[in-house]
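With our numbering, the residue at position 179 of the sequence shown is 1557, and numbering never jumps.
Scroll down for the structure; my scribbles are underneath it.
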Amino acid sequence: MLEIIHVSDTHFGPDRSLTIRAANACQRAEALVAGIRALPFVPDFIVHTGDVVNDPDPAAYALAAEVLANLPAPVYYAAGNHDEVPMMRDALAFGPLEPLVAESEDRLCYRIAGATGEKVEFFVMDGRVPPVEGPHGHLSDSQIAAVLDRITGTKPVAIFVHYPLTPIGSKWIDEHLLVTNGPEFQKALAAKAGGQLRGIFSGHLHRAITLFRDGILNSGVSSPACEFTSGPDDTSCEYIAGGPIPFNHLTFTASATMVKAYTLPFPAGS
Ligand SMILES: [Fe+2]
1379 MLEIIHVSDT
1389 HFGPDRSLTI
1399 RAANACQRAE
1409 ALVAGIRALP
1419 FVPDFIVHTG
1429 DVVNDPDPAA
1439 YALAAEVLAN
1449 LPAPVYYAAG
1459 NHDEVPMMRD
1469 ALAFGPLEPL
1479 VAESEDRLCY
1489 RIAGATGEKV
1499 EFFVMDGRVP
1509 PVEGPHGHLS
1519 DSQIAAVLDR
1529 ITGTKPVAIF
1539 VHYPLTPIGS
1549 KWIDEHLLVT
1559 NGPEFQKALA
1569 AKAGGQLRGI
1579 FSGHLHRAIT
1589 LFRDGILNSG
1599 VSSPACEFTS
1609 GPDDTSCEYI
1619 AGGPIPFNHL
1629 TFTASATMVK
1639 AYTLPFPAGS
């Protein structure tokens, strides 16, 4: 049995004053950390699926590191479209991991190692594209080859990546925010891992999602900074500020994958 906390899209600014649509990103991230610390169990690890900061800046990563150091378990990070990998490596503490691409590729692509990695094959992938190309993602051939090569087919497999892989049924999001080669990658994953593929876990949409495509669980956690709209015919994402603080509790057993969504009031306890 593994207990994991999935968080995403904290969007720290360079100091504690950054507000996103009148919501203070740092205070809301601190409430997220307090909520996880108040759980009646200690997770095996925590995964942050990216957009740690709002703009890549050493001061923002230093603030993120200071606040997230209070989390009660090792943390693993995926890179989001607002992140820069060298700054993440410099500022943030990661749990034990096995890199799957050379550091020179400027990619956070790795397998989670240590005792938990013995039970489930967890992979963290990096779908960033140059910002001028837009807010969608793309997974490089080298990452896909490395992950597929590392899957044994004998243990459960789960993927953490900032961007969702497959459409969610919302026009603008499906056109602009997904991994462009996500559906093909999910098919290749399913072919390699077979019935061991437990799910794809993502952020980016600032929107909790649970969907099954070709029988594969796709689970997304929202952002503590703000939520996005995702109507079927939306032509953009609108902000929903000031909502509750979200995180997901993931449980992996020999036969099941469980996702328990938390939405904590803000300020916590009010
Ligand atoms: Fe984000």
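We put the beta carbon where it would ideally sit given N, CA and C, even for glycine.
All of these numbers come straight from a predicted model, not from anything done at the bench.
For the segment 1475-1545, the continuous alpha helix (DSSP H) assignments of 4+ residues that do not extend past its boundaries occur at 1492-1497 and 1519-1528, in sequence order. Those residues that have a beta carbon less than 5 Å away from any non-hydrogen atom of ligand 1 are, in order along the chain, D1387 and D1429. For F1590, the number of other beta carbons within 10 angstroms of its own is below 16, and it is reported as exposed. For A1603 against H1389, the beta-carbon gap comes to about 4 Å, under 8 Å, which counts as contact. For R1576, the uninterrupted beta strand (DSSP E) run begins and ends at L1575 to S1580, by DSSP.
By the criterion of at least three beta-carbon pairs nearer than 8 Å, the segment 1527-1540 is in contact with the segment 1487-1500. If you draw a 10 Å sphere on the C-beta of F1419, you find fewer than 16 other C-beta atoms in it, and that means exposed. In the three-state scheme derived from DSSP, where H, G and I count as helix and E and B as strand, P1436 is classed as helix. In the DSSP assignment, R1415 falls within the unbroken alpha helix (DSSP H) covering A1403 to R1415. Secondary structure note for H1426: its beta strand (DSSP E) is the uninterrupted segment F1423 to H1426. When G1492, P1464, L1478 and V1479 are compared, the shortest CA-CA separation from P1452 is found for G1492. When the five nearest sequence neighbours on each side are left out, the beta carbons in the same chain lying within less than 8 Å of the beta carbon of A1409 are those of P1602, I1623, L1642, F1644, P1645 and A1646, in order along the chain. Below 8 Å, too few C-beta pairs join the segment 1517-1533 and the segment 1395-1407 to call them touching: fewer than three.
In the three-state scheme derived from DSSP, where H, G and I count as helix and E and B as strand, A1568 is classed as helix. By the beta-carbon neighbour count (other beta carbons within 10 angstroms, threshold 16), A1471 is exposed.
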